[in-house]
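In the numbering used here, the protein residues as written are 275 to 385. Contents: one structure, followed by commentary.
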């Protein structure tokens, strides 16, 4: 058995769940339209891998700006299962494919 897979190397919209989901839905639909039966997204696509984010933290020091930046990161994490995973599942079903999606997951108020 063979099938066509899409390896989607796209960037998310950092710290914006809605925009990242909307972008993913378009890419999922495109993969399905091209006959793919599997779509694989990058690690931490929803809602962005925090590369080069320091959150302005050093040993013993945290700034207000760093706290705000980290709050945005935490707020952009999703719960599994949840509304976001339901939406992704619906997009995958509509496209007729299986989906592998990297996310920042929040559980019981922590990452």
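Glycine included, every Cβ here is placed at the ideal spot set by N, Cα and C.
Beta-carbon spacing of residue i, residue j below 9 Å
i	j	result
residue 373	residue 315	yes
residue 382	residue 306	no
residue 380	residue 351	yes
residue 301	residue 284	yes
residue 299	residue 362	yes
Per-residue DSSP class, three states only, for residue i
i	result
residue 339	helix
residue 371	coil
residue 264	This structure cannot settle anything about residue 264, because the visible part of the chain is limited to 275 through 385.
residue 279	strand
residue 291	helix
residue 378	coil
residue 313	strand
residue 354	coil
Residue environment, residue i, which counts as buried when at least 16 other CB atoms sit within 10 Å
i	result
residue 289	buried
residue 286	buried
Of the residues the options, the one placed nearest residue i, counting alpha carbons only
i	options	result
residue 376	321, 340, 349, 344	321
residue 364	342, 278, 295	295
residue 347	319, 366, 355	319
Residue i to residue j span [Cα, whole Å]
i	j	result
residue 280	residue 310	6 Å
residue 349	residue 357	14 Å
residue 308	residue 275	18 Å
residue 353	residue 359	8 Å
residue 344	residue 304	33 Å
residue 384	residue 282	28 Å
residue 366	residue 297	13 Å
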